[in-house]
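Colleague:
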Amino acid sequence: MKNATTVVESVKASYTVAVMGVLGVVAFVSAILIAWPALAYLGSKMMS
């Protein structure tokens, strides 16, 4: 039974890492999309 417990623990760890990775990517994309207008505005201000 020790082997099954080890497998379950490793699956839990892998699942947690995968979920955190997906959430990280979503947060990163959201930050870029939210900041894009501000960055474009600042860029146009600096160019002129």
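Under this note's numbering, the letters of the sequence shown match residues 2 to 49, in that order.
The beta carbon of each residue, even a glycine, is placed where N, CA and C say it ideally should be.
DSSP three-state call for S45: helix, strand or coil?
Modeller: Translated into the one-based positions of the sequence shown, residue 45 becomes position 44. Of the three classes helix, strand and coil, the one that applies to S45 here is helix, per DSSP.
Colleague: Taking just the CA atoms, how far does E10 sit from S31?
Modeller: Here the question's residue 31 lines up with position 30 in the sequence shown. Here the question's residue 10 lines up with position 9 in the sequence shown. Using only the alpha carbons, I get a separation of about 31 Å.
Colleague: Can you give the Cα-Cα distance for I33 and K46, rounded to whole angstroms?
Modeller: Counting from one through the sequence shown, the residue named residue 33 turns up at place 32. Counting from one through the sequence shown, the residue named residue 46 turns up at place 45. When rounded, the distance between both Cα atoms is 19 Å.
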